[in-house]
Amino acid sequence: MDDKPALALRVTTEVKASVDEIIQPLIEQEQGNQGKLLLIDSLEQSLPLVSEAERQNLVQETLRIMLLECGERDCEVIYRAQILLTNMELKPLEPGGILYELLDLEHAAERQRAFLNDPANCLEWIGVQGGTFLMGDDNHGDNERPAHQVKVDSFLMAKHPVTNRMLANFPLGKKYPNYGGDSHPAVSNTWFEAYYCALWLNARLPTEAEWEYAARGGESARRPQYYFGDNPEDLTSHAWFGEADKPHAHAVDEVNPHAGAENLNSLGLANMHGNVYEWCADWYDADYYKSSPKEEPKGPEKGSSRVMRGGSWTSVAQNCRSANRSSNAPDNRFNRVGIRLTRSVNP
1 MDDKPALALR VTTEVKASVD EIIQPLIEQE QGNQGKLLLI DSLEQSLPLV
51 SEAERQNLVQ ETLRIMLLEC GERDCEVIYR AQILLTNMEL KPLEPGGILY
101 ELLDLEHAAE RQRAFLNDPA NCLEWIGVQG GTFLMGDDNH GDNERPAHQV
151 KVDSFLMAKH PVTNRMLANF PLGKKYPNYG GDSHPAVSNT WFEAYYCALW
201 LNARLPTEAE WEYAARGGES ARRPQYYFGD NPEDLTSHAW FGEADKPHAH
251 AVDEVNPHAG AENLNSLGLA NMHGNVYEWC ADWYDADYYK SSPKEEPKGP
301 EKGSSRVMRG GSWTSVAQNC RSANRSSNAP DNRFNRVGIR LTRSVNP
């Protein structure tokens, strides 16, 4: 891609033509997400050339054409637009904002209730009482050290990951593979798709601290490697793991024949060990625990990969531990990572 986007944006400040007339053909010719990401970068770089009075209008009109009129579906492009708008204090996710309209957030709570009311979606909220716990593990990987006290507020977490049946209704992103069937966990989503799927359902992704706190069983939990104890030989009765030859994950509510029940921890959350990894909201930093805040940590401000937790049906037992940390680039598709929804509890 050459400098045409930047030149076109510059022209909008020099001639009496509407943003629509100049920008829409340019956006439509950019078929891949890389071209559109570069276009947003060019837009941002052009802002110093525009008067302060015209700056907000140029950005909002350009992104409105890109996201709404041209029907943008790529969630990485949408996220990059969100960052630009947020940095300009334009509040894109609030009523009147571009992403509020794109995601139809006015009806997000209503959508969530509809999914909750249909048992086939396997969506159920579990209340997690806030408290303090020891996060990390001094006896394993360097990225789990040091173990440190962390306080989290109360929150709600979905009993199961998002299913294929639920994700099939999500209007953004690519066409998703339906591994296993309707009640199997939706996988191969980028972090960006997971992030917007959660918003679309009036929810969010868990922070890494919330995820580990919930996996361990909350404030009253002991400090074993798994929610039930330390012996990996007992994991077979509590998790789907070590099945490298199996083509896909188990259904989110499948009964474990070794236990005669679902793989539920002490809070009632299913499959926090194994089956599929789960995206967290945080950027990943192997050294983050050395400087992590003691209350409500939300990860580093930036990074190159996002946190994944929990292990998968193909993982070895050690990688399914409560403290085990993994990560992946946010634009990567990985057929062993899914989405666990979380909601804040209003005070």
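Heads up, the sequence shown is in the UniProt record's numbering, so the first residue is 1 and it goes up one at a time. Virtual Cβ for every residue (Gly too), placed ideally from N, Cα, C. Remember, it's a predicted structure, so these values are computed and weren't measured experimentally.
Residue environment, residue i, which counts as buried when at least 16 other CB atoms sit within 10 Å
i: residue 36; result: buried
i: residue 346; result: exposed
i: residue 250; result: buried
i: residue 45; result: exposed
i: residue 181; result: exposed
i: residue 68; result: exposed
i: residue 304; result: exposed
i: residue 257; result: exposed
i: residue 40; result: buried
i: residue 83; result: exposed
i: residue 312; result: buried
i: residue 95; result: exposed
i: residue 316; result: exposed
i: residue 231; result: exposed
i: residue 218; result: buried
i: residue 334; result: buried
i: residue 17; result: Because residue 17 sits at a pLDDT of 48, beneath the cut-off of 50, its placement in the model cannot be relied upon, and the following sentence gives the value as read from the coordinates. Residue 17 comes out exposed.
i: residue 81; result: buried
i: residue 282; result: buried
i: residue 252; result: buried
i: residue 255; result: exposed
i: residue 292; result: buried
i: residue 54; result: exposed
Range covered by the beta strand (DSSP E) that runs through residue i
i: residue 327; result: 326 to 328
i: residue 280; result: 277 to 283
i: residue 128; result: 125 to 128
i: residue 158; result: 155 to 158
i: residue 334; result: Counting along the chain, residue 334 falls outside any beta strand (DSSP E), and DSSP gives it neither H nor E.
i: residue 199; result: Element bounds for residue 199: not the beta strand (DSSP E) but the alpha helix (DSSP H), 191 to 200.
i: residue 131; result: 131 to 135
i: residue 151; result: 148 to 152
i: residue 342; result: 342 to 344
i: residue 307; result: 306 to 309
Pick from the options that is closest to residue i, judged by C-alpha positions
i: residue 162; options: 149, 140, 121, 177; result: 121
i: residue 170; options: 73, 292, 270, 272; result: 73
i: residue 159; options: 333, 262, 292, 50; result: 262
i: residue 214; options: 139, 94, 151, 87; result: 151
i: residue 297; options: 243, 145, 209; result: 209
i: residue 352; options: 82, 199, 328, 294; result: With the chain represented from 1 up to 347, any question about residue 352 goes unanswered, as that position is not in the structure.
i: residue 338; options: 292, 280, 344; result: 280
i: residue 260; options: 174, 238, 275; result: 238
i: residue 188; options: 176, 311, 220; result: 176
i: residue 60; options: 43, 200, 49, 183; result: 43
i: residue 137; options: 318, 233, 117, 167; result: 318
i: residue 139; options: 47, 224, 292, 253; result: 224
i: residue 165; options: 146, 155, 118, 153; result: 118
i: residue 78; options: 203, 241, 33, 294; result: 33
i: residue 134; options: 146, 124, 49; result: 146
i: residue 100; options: 199, 289, 50, 216; result: 199
i: residue 172; options: 179, 201, 154; result: 201
i: residue 289; options: 243, 149, 242; result: 149
i: residue 314; options: 301, 277, 294, 295; result: 277
i: residue 128; options: 115, 86, 155; result: 155
Contact belief for residue i with residue j at Cβ below 8 Å, rounded distance in angstroms
i: residue 126; j: residue 269; result: 6 Å
i: residue 106; j: residue 192; result: Between residue 192 and residue 106 the Cβ distance is about 22 Å, and since that is not below 8 Å, they are no contact.
i: residue 144; j: residue 325; result: 6 Å
i: residue 266; j: residue 227; result: 6 Å
i: residue 157; j: residue 321; result: Not a contact, Cβ separation roughly 19 Å.
i: residue 185; j: residue 275; result: 7 Å
i: residue 142; j: residue 286; result: 7 Å
i: residue 167; j: residue 197; result: 7 Å
i: residue 190; j: residue 332; result: 7 Å
i: residue 88; j: residue 112; result: That pair is no contact at about 29 Å.
Cutoff 9 Å: residue i Cβ touching any chain B Cβ
i: residue 145; result: In the structure shown, chain B cannot be found, because there is only a single protein chain.
Residue range of the unbroken alpha helix (DSSP H) whose run includes residue i
i: residue 35; result: 33 to 46
i: residue 316; result: Counting along the chain, residue 316 falls outside any alpha helix (DSSP H), and DSSP gives it neither H nor E.
i: residue 64; result: 52 to 64
i: residue 216; result: 208 to 216
i: residue 109; result: 108 to 116
i: residue 77; result: 75 to 87
One or two residues paired with residue i in a DSSP bridge
i: residue 185; result: 163
i: residue 225; result: Looking at the DSSP assignment, residue 225 forms no beta bridge with any residue, so it has no partner.
i: residue 96; result: Bridge partners of residue 96: none, in fact.
i: residue 338; result: 278
i: residue 264; result: 270
i: residue 256; result: 261
i: residue 204; result: 342
i: residue 401; result: Lying outside 1 to 347, the shown extent of the chain, residue 401 is not represented and no answer is given.
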